[in-house]
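I have placed the structure first, in the form of structure tokens, so that the comments after it can refer back to it.
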Amino acid sequence: MFRKISLILLMLTFAISEADNGYNLWLQYVQIEDVNVRQAYIEKLNQIVYLNDNETINVALDELNIGLSGMLGLSDVSALVNSEKINNESGLMLATYSTLSDGLKREFKSDFNKINEEGFIIKSVIINNVSQIIITGKTEVAVLYGTFRFLKLLQSHQSLNNLNIIDAPKIQKRVLNHWDNLDRTVERGYSGFSIWDWHRLPDYLDFRYTDYARANASVGINGTVLNNVNANANILTPQYLEKVAALAKVFRPYGIKVYLTARFSAPMEIGGLKTSDPLDEDVISWWKQKVKEVYQFIPDFGGFLVKANSEGQPGPQNYGRNHVDGANMLAEALNPFGGIVMWRAFVYSEHDTTDRAKQAYSEFVPFDGKFKDNVLIQVKNGAIDFQPREPFHPMFGAMPKTPLMMEFQITQEYLGQSTHTVFLPKFYEEVLKTDTYREGKGSTVAKVIDGSLNNQKLTGIAGVSNVGTDINWTGNVMLQANWYGYGRLAWNPDLKAENIANEWIRMTFSNDIAVVKTIEDILLMSHEAVVNYMTPFGLHHIMATGHHYGPGPWVANLSRPEWNPVYYHKADANGIGFDRTEKGSGATDQYAKEVSKEFSNLNSCPEEYLLWFHHLSWEYKLKSGVTLWDGLALKYQEGVNQVKQMVDYWKSLEGKIDQQRFKEVEMLLNIQLKEAKWWRDACLLYFQQFSKKQLPQGVEKSTKSLEEFKNMTFPFAPGN
Ligand code: BDP
């Protein structure tokens, strides 16, 4: 059986590796150039033994075949594979706990105590005087995760001697959210169209589905929500469920569960009911019946993601009910099958005149402890909306009796979309390690999410995907790092962004130390750069209307006040910034005492959040001694300078990496530089109308007028 599968996959690898167009992501498996290194690996791998005959173990073997044949230059590794038993040669063994010999079970006992169902062990042992590497875990999926980790050792040219790696995910539900519509457009998608070819499913299974699953499994992502949070009820009809089931079947061996967004008004739209009131008996039984049907199609279906009463989406409030009524009704329907509800807290209302940043907290925190056990509340990293930088959402840690799920955005709606190179793990790390102080010092956001702070039974994290039909998946090969890095942090929210960058570069581009160092420098400076040239000092939501592409701090004409950039920066003759202290909107009160004090007090408020929490005069003295106006202008310039540096660093790689990816990124970085200047010039010209001050020395003058910037339109900007 293995031989048959591996042959198909070998053809596939051949087809996708002939040009370096980025398709292979971080699973490049290019041949290791140094013969000695290759030889040392080959000597360790004289045989590959597997003890479980199972579809997940088969895909692990397939991956070994692709990886080892590529990296070691062997034509077909399957000749080494043996399902019988270990002979007298050194090799690799894949086995779940239950299939290990009694002796090995004893030897591994304490290691097994340290891991959960998805955790793995990679260990060198001596059996019959011969050294063997064992990849094991409690489940087949754990062994698959271990296999990817093992391949990573070779991808990053590490030694295979004395291996002793024990690793397990700290978060249970590690999910991607696709904002993909059934017509294949992707809301906030900048990498082409949706990879789900709904029209040709279920019979046509694009090879991308398998490669998508491989990529996700390689970082431990174990769930995917296939459709947009602004949901279409049709996904729940049998016609579409059959298609969903076909995808679920492809993903299953890789340990990936499928989830769907549920449109709250589905009982009326596709069920013919007169209401979608969550307390109505007919509605309750419609959902129960629907869920039963979903599980007939997809026996391991993960559950529903719901955006309700948010930005015009239907929800329980349409019937005078609340989030608890809505979420619990669905949770009850899913419970008998082990499904969960991920209920989003991204809510704000045009009828609520309080600061938008306060609304989700006000609406949800009073419900702490009221949701059923299989409900997770999915909270965006910050209280506004995926801005280049935001302070952590005050809900984290504020609902100790409710499991909160993190929602990060991988697609760069507000961060230059797929053109700008921004390494997001740096920002995710910043959020995750922030201390909420909810249970005293050390109550980090990571601990809220991994459940350790309040002993949660259910834990989860979601990333809004940046994947599309572009040949390199993410529209810009550099942004593959964000998909990868999200997955790594979902597995372990305590990982360091720096290490994530390092391993991604080695797997994706090269192990040449100069290349690694250069790309690492670019990645690690990139997030600060985008903040500097777009929204320094805590400015936020000053992007152009609708598509959010480019600057639009002047926008003031939208129907809802909180959709207008002027609502957020509040620039006037007196100064700039949103006062969220007690004297202002009081949003700081939503944080724990320590944090609230830190943010409210100008002496302790980190300058990165200054204008998020304070309205300050243009003359305000920054820590550096310069005025706020000068400091702001200098930050915008610094952002531009940083991108210049990124361009220069990248240029130094010419000839050291393949020409195609080199050229593509070079062009994109040049656009980024152009757009960084656009941001600087447009914002400074606009704010200058209020500050009435000259640009400080060192800040370049705009060659265009403010009017010219205001007149720029982008009617066909993608993702909108
Ligand atoms: C905003 C997007 C919008 C999404 C919404 C959400 O602009 O397209 O539908 O978030 O998360 O960031 O629901």
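If you count by mature numbering (1 follows the signal peptide of the UniProt record, and there is no 0), then the sequence shown holds residues -19 to -1, 1 to 701, one letter each, in order. Ideal Cβ positions, reconstructed from N, Cα and C, are used throughout, including at glycine.
(message) Shorter than 7 Å, the distance from the beta carbon of D451 to the closest heavy atom of the ligand BDP, or not?
(response) Within the sequence shown, the letter at position 470 stands for residue 451. No.
(message) What does DSSP give as the partner residue(s) for W324 in the beta ladder?
(response) Working through the sequence shown from its first residue, we reach residue 324 at position 343. Paired residue(s): V287, I358.
(request) Ignore the nearest five residues each way along the sequence and tell me which others in R(-17)'s own chain have a CB closer than 7 Å to its CB. (result) The residue you call residue -17 lines up with position 3 of the sequence shown. Interpretation of R(-17) is limited by its pLDDT of 34, a score under 50 that renders its predicted location unreliable; no figure is taken from the coordinates.
(message) Since R130 and W472 should fall inside the 8 Å C-beta cutoff, what is the C-beta to C-beta distance between them, to a whole number of angstroms?
(response) Within the sequence shown, the letter at position 149 stands for residue 130. Within the sequence shown, the letter at position 491 stands for residue 472. About 10 Å; that fails the 8 Å criterion.
(message) Let me check you understand the geometry: is the CB of V210 closer than 7 Å to at least one non-hydrogen atom of the ligand BDP?
(response) Here the question's residue 210 lines up with position 229 in the sequence shown. Yes, Cβ of V210 sits closer than 7 Å to a heavy atom of the ligand BDP.
(request) Check the C-beta distance from K104 over to L144 and give it rounded, since I have them as a contact under 8 Å. (result) Residue numbering aside, residue 104 sits at position 123 when the sequence shown is read from its first letter. Residue numbering aside, residue 144 sits at position 163 when the sequence shown is read from its first letter. Right, the Cβ-Cβ distance comes to about 6 Å (below 8 Å), so this counts as a contact.
(message) In the DSSP output, what is T425 paired with across the bridge?
(response) Reading the sequence shown from its first residue, position 444 is the one you call residue 425. T425 is bridged to D416.
(request) Can you give me the start and stop residues for the alpha helix (DSSP H) that F282 sits inside? (result) Position 301 of the sequence shown, counted from the first residue, corresponds to residue 282. Looking at the DSSP string, F282 is not in any alpha helix (DSSP H), and its letter there is neither H nor E.
(message) Taking 8 Å as the cut-off, does the segment 374 to 393 touch the segment 338 to 346 (at least 3 CB pairs, one atom from each stretch)?
(response) Output reads yes: the segment 374 to 393 touches the segment 338 to 346.
(request) Measure the C-alpha to C-alpha separation of V275 and A212 and round it to an integer number of angstroms. (result) In the sequence shown, residue 275 corresponds to position 294, counting from 1. In the sequence shown, residue 212 corresponds to position 231, counting from 1. The alpha-carbon atoms of V275 and A212 are separated by roughly 16 Å.
(request) Using 10 angstroms around the beta-carbon of T455, count the other beta-carbons present and answer buried if the total reaches 16, otherwise exposed. (result) Along the sequence shown, one-based indexing puts residue 455 at 474. Under the 10 Å beta carbon count, T455 is surrounded by 16 or more other beta carbons and is classified as buried.
(request) Pick out whichever of Q653, Q626, E575 has its Cα sitting closest to the Cα of Y418. (result) As a first step, residue 418 is located in the sequence shown; it is residue number 437 there, counting from the start. That would be E575, whose Cα lies nearest to the Cα of Y418.
(message) Closer than 7 Å to a non-hydrogen atom of the ligand BDP - does that hold for the CB of D161?
(response) In the sequence shown, counting from the first residue as 1, residue 161 sits at position 180. False, no ligand heavy atom lies under 7 Å from that Cβ.
(request) Label T334 either buried or exposed according to how many other C-beta atoms from any shown protein chain fall within 10 Å of its C-beta, with 16 as the threshold for buried. (result) Here residue 334 corresponds to residue number 353 of the sequence shown, with the count starting at 1. Exposed, since its Cβ has fewer than 16 Cβ neighbours within 10 Å.
(message) Using a Cβ-based criterion (distance less than 7 Å to any ligand heavy atom), does S291 qualify as near the ligand BDP?
(response) Along the sequence shown, read from residue 1 onward, the residue named residue 291 stands at position 310. Within the cutoff, so yes.
(message) I'd like the list of long-range same chain contacts for A552, defined as Cβ closer than 7 Å, with 5 residues on each side in sequence excluded.
(response) Here residue 552 refers to the residue found at position 571 of the sequence shown. So the qualifying residues of the chain are F668, F671.
(request) Compute the minimum distance between the beta carbon of R469 and the heavy atoms of the ligand BDP, and state whether it is under 7 Å. (result) The residue given as residue 469 occupies position 488 in the sequence shown. Not under cutoff, so the answer is no.
(request) Throw me the rounded Cβ distance for the G236 and T80 pair, which I believe falls under 8 Å. (result) Along the sequence shown, read from residue 1 onward, the residue named residue 236 stands at position 255. Along the sequence shown, read from residue 1 onward, the residue named residue 80 stands at position 99. Wrong, their Cβ atoms sit about 18 Å apart, outside the cutoff.
(message) At a threshold of 7 Å, does F245 count as lining the ligand BDP (C-beta to nearest heavy atom)?
(response) Position 264 of the sequence shown, counted from the first residue, corresponds to residue 245. Checking the Cβ of F245 against the ligand BDP gives no.
(message) Let's see if you can read the secondary structure: which residues bound the beta strand (DSSP E) around F389?
(response) What you label residue 389 is simply residue 408 of the sequence shown in a count that begins at 1. From DSSP, the beta strand (DSSP E) with F389 extends over 385 to 390.
(message) For the ligand BDP, I want to know if K271 counts as a neighbour, meaning its beta carbon is within less than 7 Å of at least one of the ligand's heavy atoms.
(response) Residue 271 sits at position 290 when you count from the first residue of the sequence shown. Flag unset: Cβ of K271 not near the ligand BDP.
(request) Would you check whether the ligand BDP has a heavy atom nearer than 7 Å to the C-beta of K238? (result) The sequence position of residue 238 within the sequence shown is 257, counting from 1. Not under cutoff, so the answer is no.
(message) Rounded to the nearest angstrom, what separates E75 and S91 at their Cα positions?
(response) If you number the sequence shown from 1, residue 75 lands on position 94. If you number the sequence shown from 1, residue 91 lands on position 110. Contrary to the premise, residue 75 reads as Leu rather than Glu in this sequence. Each residue's alpha carbon lies about 19 Å from the other.
(request) With DSSP collapsed to three states, give me the class of K602. (result) As a working note, residue 602 is residue 621 in the sequence shown. If DSSP states are grouped into helix, strand and coil, K602 belongs with the strands.
(message) Is the separation between the beta-carbon of L470 and that of Y409 shorter than 8 Å?
(response) Sequence index remark: in the sequence shown, residue 470 carries index 489 (1-based). Sequence index remark: in the sequence shown, residue 409 carries index 428 (1-based). Contact flag set, yes.
(message) Does I(-12) pass the burial test, meaning 16 or more other C-beta atoms within 10 Å, or should it be called exposed?
(response) The residue labelled residue -12 in the question sits at position 8 within the sequence shown. Residue confidence for I(-12) is low, a pLDDT of 37 falling below 50, so the modelled location carries little weight and cannot support an answer.
(message) Do A338 and I365 count as a contact pair if the criterion is CB distance below 8 Å?
(response) Reading the sequence shown from its first residue, position 384 is the one you call residue 365. Reading the sequence shown from its first residue, position 357 is the one you call residue 338. In this structure, A338 lies closer than 8 Å to I365 by Cβ.
(request) Have a look at L163 and T205 and give me their C-alpha separation to the nearest angstrom. (result) Here residue 163 corresponds to residue number 182 of the sequence shown, with the count starting at 1. Here residue 205 corresponds to residue number 224 of the sequence shown, with the count starting at 1. Using only the alpha carbons, I get a separation of about 16 Å.
(message) Under DSSP, the alpha helix (DSSP H) around G627 begins and ends at which residues?
(response) The residue given as residue 627 occupies position 646 in the sequence shown. One detail in the question is off: residue 627 reads as Met in this sequence, not Gly. That run of the alpha helix (DSSP H) goes 609 to 632.
(message) If contacts are defined as beta-carbon pairs under 8 Å, then K367 and Q390 qualify, I think. What distance do you get, rounded to the angstrom?
(response) Working through the sequence shown from its first residue, we reach residue 367 at position 386. Working through the sequence shown from its first residue, we reach residue 390 at position 409. Checking the displayed sequence, the identity of residue 367 turns out to be Phe instead of Lys. That belief holds up - the Cβ atoms of F367 and Q390 are roughly 4 Å apart, short of 8 Å.
(message) Using only the alpha-carbon positions, how far apart do Y630 and V511 sit?
(response) Residue 630 sits at position 649 when you count from the first residue of the sequence shown. Residue 511 sits at position 530 when you count from the first residue of the sequence shown. Rounded to whole angstroms, Y630 to V511 spans 17 Å at the Cα level.
(message) Restricting to Cα atoms, I'd like to know which of S291, V30, L286 is closest to M386.
(response) By one-based count along the sequence shown, residue 386 stands at place 405. With distances taken between Cα atoms, M386 lies closest to L286.
(request) Would you check if the segment 251 to 271 and the segment 222 to 233 touch, i.e. whether three or more CB-CB distances between them fall below 8 Å? (result) no
(message) Please report the distance separating the alpha-carbon of M52 from that of N197.
(response) Stepping through the sequence shown from its first residue, residue 52 is reached at position 71. Stepping through the sequence shown from its first residue, residue 197 is reached at position 216. Cα to Cα, the separation comes out at about 21 Å.
(request) Counting only the same chain and skipping the five closest in sequence on each side, list residues whose C-beta sits under 7 Å from that of W267. (result) Walking along the sequence shown from the start, residue 267 turns up at place 286. Cβ within range, chain order: P248, G252, L254.
(request) Would you be able to state if there are at least three C-beta pairs under 8 Å between the segment 481 to 501 and the segment 677 to 693? (result) no
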